[in-house]
Structure formats: C-alpha cells, structure tokens
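Enquirer:
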Amino acid sequence: MKPNKWTIRFIIIARSFAVGTAYYLVRGIPGLTSSFVAIFVALLLFDLSVAMPKFSLKFKYWIDLLEVILPRISGTIVTLSKGIIIGLVFGGLVQVGVSPFIGAVLSIGLGYHAAVQVKGNISSYVGILSALSVYEQIIKIPAFSPNLISDIGGTVLTITYATFTALFMGCICGFSLGVFTRLFLPRGYRSLTSSAYELPLYLQPFKNVLHTDDNMAAIKMLVGEKSPLAYQPLSKSGLRENFNSSVLSVIRGDKGTFVPKGDDLIYPGDTLVLIIPTVYAREVVELMKGSVVSEQ
62 MKPNKWTIRF IIIARSFAVG TAYYLVRGIP GLTSSFVAIF VALLLFDLSV
112 AMPKFSLKFK YWIDLLEVIL PRISGTIVTL SKGIIIGLVF GGLVQVGVSP
162 FIGAVLSIGL GYHAAVQVKG NISSYVGILS ALSVYEQIIK IPAFSPNLIS
212 DIGGTVLTIT YATFTALFMG CICGFSLGVF TRLFLPRGYR SLTSSAYELP
262 LYLQPFKNVL HTDDNMAAIK MLVGEKSPLA YQPLSKSGLR ENFNSSVLSV
312 IRGDKGTFVP KGDDLIYPGD TLVLIIPTVY AREVVELMKG SVVSEQ
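Take the sequence shown: its letters are residues 62 to 357, numbered as in my numbering.
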C-alpha cells in the first residue's frame with residue numbers, strides 16, 4: 062500500500078518535533094554529549110514506536126515492544142560507559158605526561174572501535190562523543206593539582222550523570238511522542254534512513270540477505286570472448302560440479318537480467334552473478350577470461 066503523502070508529512074513533522082523537544086529538555090545539562098545522546102535516543106524510540114504494526118494496550122504486546130527497545134538502550138548504555146572509561150584513562154595519562162596528541166587520537170579511535178563492537182548501539186558517534194567529552198574535561202584540570210584525583214573523579218561523575226540523564230530524557234521524549242503519533246496512523250511506518258531497525262531486504266547487502274558464511278562471496282563476473290564457457294549451455298559449464306558455485310542470474314544487454322535455466326547458453330559479454338567459495342574465485346575468473354565487476 063502506497064503511503065499517503067500527508068501521512069508521511071505528518072510523521073516528518075512529528076519526528077522533527079521529537080528531536081527538537083529532546084534537545085530542549087536537556088539544553089541546561091552541560092556538555093555536547095548530553096544533547097547528542099538525547100537526540101539519538103529520542104529518534105530511536107520515536108521510530109520504533111511509529112513502526113508498531115498495531116497499537117494495543119495488551120500486556121503481552123508491550124512486553125514484545127520492550128524486547129525490541131531494551132537491547133538498543135542497553136547497547137547504548139554499554140557504549141557510553143566504555144567511552145567514559147576510555148576518556149578517563151587517556152585523560153589521566155595526559156595528566157602524567159603522555160602527549161595530548163596521542164591521548165586525543167586514541168580516545169577518539171578507541172571510542173569509535175568500542176562503539177562499533179557493541180550490538181544494538183544506536184550510533185558509533187555515541188562512543189566517540191562520550192570518550193572525547195571526558196578526555197577534554199580531564200586535560201583542562203591543572204597538572205599536578207593537589208586535588209587532581211578528586212577533580213578527575215568529580216569531572217567523570219558530572220559527565221556520567223549528565224549523559225545518563227540525557228539518555229533517560231531522550232527515552233521519555235521519543236517514546237511518548239512516538240506513541241502519540243502512532244495513535245493517528247492507520248498502520249505502522251518505517252523510515253528507510255532510521256537505525257532503529259534493519260533495512261528492507263532490497264536495500265540490504267546481498268550477502269546479508271542470503272546469510273552465507275565468510276567463506277562464500279557474491280560476485281559479478283563478465284564473460285570474455287576467449288572463455289571456454291562462451292556459447293556453452295550453463296548445465297555443461299562445470300561451475301557447480303568443479304567449483305561448487307551457483308549462477309543466480311545473468312545480465313545480458315538485449316535481454317536484461319534473468320534467472321538462467323540449465324539449457325540457456327552463455328555468451329561473451331554476459332555478466333554472471335554467482336555465489337562462489339572464495340577459494341575458487343581466482344580459478345573462475347581465469348575460466349571466464351573476463352573480469353570481476355563487483356564483489357560482496
């Protein structure tokens with residue numbers, strides 16, 4: 062069913078209002094991290110709420126919704142915690158003599174790395190911002206201060222409180238406005254740009270859709286003029302028997318893209334889309350006498 066343009070506009074306006082409200086609620090909390098966390102979480106909860114297949118007050122339905130939301134929130138909490146620890150470590154190292162350049166680079170780099178390793182995290186920027194926020198505040202403390210430890214501890218506690226308060230406010234804002242918006246919609250709607258859920262199958266990487274293991278690859282190969290496969294039926298190509306490969310489709314100029322049958326001939330200039338073990342990729346390229354167009 063094609064969505065009504067006014068419905069989409071209503072969702073866009075409501076989504077924008079949720080983002081603005083989340084920022085407004087935390088504007089008095091110090092630190093740039095708080096604003097970003099509130100906005101990210103509000104967007105997440107808003108999108109999940111608007112995507113509800115149906116609105117119901119049944120207890121089981123809300124439990125199912127929480128099972129979707131809680132992994133994202135817990136993943137974000139873990140990411141924030143890791144970022145704060147990373148910022149604390151490298152900020153403290155700078156205070157005892159490590160180069161600020163090294164401290165900044167490693168805080169950002171490891172903050173990002175920690176974020177992308179956490180399943181359910183809403184954005185890698187959360188890890189970067191939390192690490193950098195703590196790091197920047199710690200290096201501003203005067204070196205060799207008699208109260209250095211307590212100053213660092215106070216800084217970390219302040220940023221932690223501000224960040225998790227913003228997280229909580231973002232949750233309330235996004236969820237309440239999302240549920241309110243969903244009440245006016247005939248069905249659930251998903252945004253193609255949201256990180257709240259997986260992309261539709263037609264926008265996901267080919268390999269993810271097929272759920273192949275790491276030893277398999279989806280490859281487009283162009284058949285060359287001198288290939289021994291040229292003008293041969295697919296059933297006699299030996300691709301399946303010799304290389305454990307499957308031809309998913311053929312791209313041909315005059316015929317477009319089609320799923321081949323065993324008796325279909327392979328012509329020079331055809332592009333074959335194959336699922337192939339990576340160990341055989343080089344041999345099949347040699348057999349085609351052409352080139353690899355793309356690989357996933």
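Virtual Cβ for every residue (Gly too), placed ideally from N, Cα, C.
Since the structure is predicted, the reported quantities are computational estimates derived from the model, not experimental observations.
What whole-angstrom Cβ distance do Gln156 and Ile220 have, given they're in contact under 8 Å?
Expert: Not confirmed; about 16 Å, so no contact.
Enquirer: Measuring only the C-alpha atoms, how far is Gly81 from Ile100?
Expert: Each residue's Cα considered, the two are about 8 Å apart.
Enquirer: Are the beta-carbon atoms of Ser117 and Gly148 separated by less than 7 Å?
Expert: Not a contact, by the Cβ cut-off of 7 Å.
Enquirer: Counting only C-beta atoms, is Pro338 closer than 7 Å to chain D at any point?
Expert: Absent from the structure is chain D; it holds one protein chain and no more.
Enquirer: Just to confirm, is the Cβ distance from Ile200 to Gly136 under 7 Å?
Expert: Cβ distance not < 7 Å, so Ile200 and Gly136 don't count as in contact.
Enquirer: Just curious, the beta strand (DSSP E) that Pro338 is in, first and last residue?
Expert: Per DSSP, Pro338 belongs to the beta strand (DSSP E) from Thr332 to Pro338.
Enquirer: Any contact between the segment 129 to 146 and the segment 226 to 233? By contact I mean 3 or more CB pairs, one from each, below 8 Å.
Expert: The answer is yes - the segment 226 to 233 touches the segment 129 to 146, with three or more Cβ pairs under 8 Å.
Enquirer: Thinking C-beta only, is Leu246 closer than 7 Å to Thr94?
Expert: No, Cβ-Cβ distance for Thr94 and Leu246 is not below 7 Å.
Enquirer: Assign Leu228 to one of three DSSP states: helix, strand, or coil.
Expert: Correct three-state label for Leu228: helix.
Enquirer: What residues in its chain sit with their C-beta under 6 Å from that of Ile312, if we drop five residues either side in the sequence?
Expert: Once the five neighbours on either side are set aside, the close Cβ partners of Ile312 are Thr318 and Thr332.
Enquirer: Under the three-state reduction of DSSP, which class applies to Arg248: helix, strand or coil?
Expert: Note: Arg248 maps to coil in three-state DSSP.
Enquirer: Which residues mark the beginning and the end of the alpha helix (DSSP H) in which Lys143 is found?
Expert: First-last of the alpha helix (DSSP H) with Lys143: Phe120 to Gln156.
Enquirer: Within its chain, find whatever has a CB closer than 7 Å to the CB of Pro161; leave out the 5 residues flanking it on each side and keep chain order.
Expert: Cβ neighbours of Pro161 beyond the five flanking positions: Val155 and Ile200.
Enquirer: Is the beta carbon of Thr140 sitting closer than 7 Å to the one on Val187?
Expert: Yes; because the gap between Cβ atoms is below 7 Å, this pair is in contact.
Enquirer: Using a threshold of 7 Å, state whether the C-beta atoms of Asn182 and Ala175 are closer than that.
Expert: No, these two residues do not count as a Cβ contact at 7 Å.
Enquirer: Three-state secondary structure (DSSP) at Lys66?
Expert: It is helical.
Enquirer: Measuring CB atoms only, is the segment 235 to 244 touching the segment 107 to 122, in the sense that at least three cross pairs come out at less than 8 Å?
Expert: Touching, yes, given that three or more Cβ pairs across the two stretches are closer than 8 Å.
Enquirer: Have a look at the DSSP bridge pairing and note the partners of Val195.
Expert: Note: Val195 sits in no beta bridge, so no partner.
Enquirer: Can you tell me whether Val308 is helix, strand or coil according to DSSP?
Expert: If DSSP states are grouped into helix, strand and coil, Val308 belongs with the strands.
Enquirer: Tell me the residue span of the beta strand (DSSP E) that contains Ala204.
Expert: Run containing Ala204: none; DSSP gives neither H nor E here.
Enquirer: Taking the alpha carbon of Gly214 as the reference point, which residue from Tyr196, Thr226, Ala227 and Ser110 has its own alpha carbon closest?
Expert: Cα-wise, what sits closest to Gly214 is Tyr196.
Enquirer: Leaving out five residues before and five after Ala75 in sequence, what residues of the same chain have Cβ atoms less than 7 Å from its Cβ?
Expert: Same-chain partners within the cutoff: Leu238 and Thr242.
Enquirer: What whole-angstrom Cβ distance do Gln4 and Leu326 have, given they're in contact under 8 Å?
Expert: The structure shown does not extend to residue 4, since the chain is modelled only from 62 to 357, so the question has no answer here.
Enquirer: Check the C-beta distance from Val284 over to Tyr250 and give it rounded, since I have them as a contact under 8 Å.
Expert: No, Val284 and Tyr250 are not in contact; Cβ-Cβ is about 43 Å, not under 8 Å.
Enquirer: Judging by CA-CA distance, which residue of Arg301, Ser296, Lys287 and Val308 is the nearest neighbour of Ile280?
Expert: Here the closest residue by C-alpha is Val308.
Enquirer: What's the gap between the Cα of Ile210 and the Cα of Gln198?
Expert: The straight-line gap from Cα to Cα measures roughly 13 Å.
Enquirer: Please name the residue in Val166, Leu300 and Ala278 whose C-alpha comes closest to that of Leu348.
Expert: Among Val166, Leu300 and Ala278, the Cα nearest to that of Leu348 is on Leu300.
Enquirer: Please determine, among Val320, Glu344, Ala291 and Ala223, the residue with the shortest C-alpha to C-alpha distance to Ser142.
Expert: Among Val320, Glu344, Ala291 and Ala223, the Cα nearest to that of Ser142 is on Ala223.
Enquirer: For Lys297 and Asn276, I'd like the C-alpha separation in whole angstroms.
Expert: One C-alpha to the other measures close to 25 Å.
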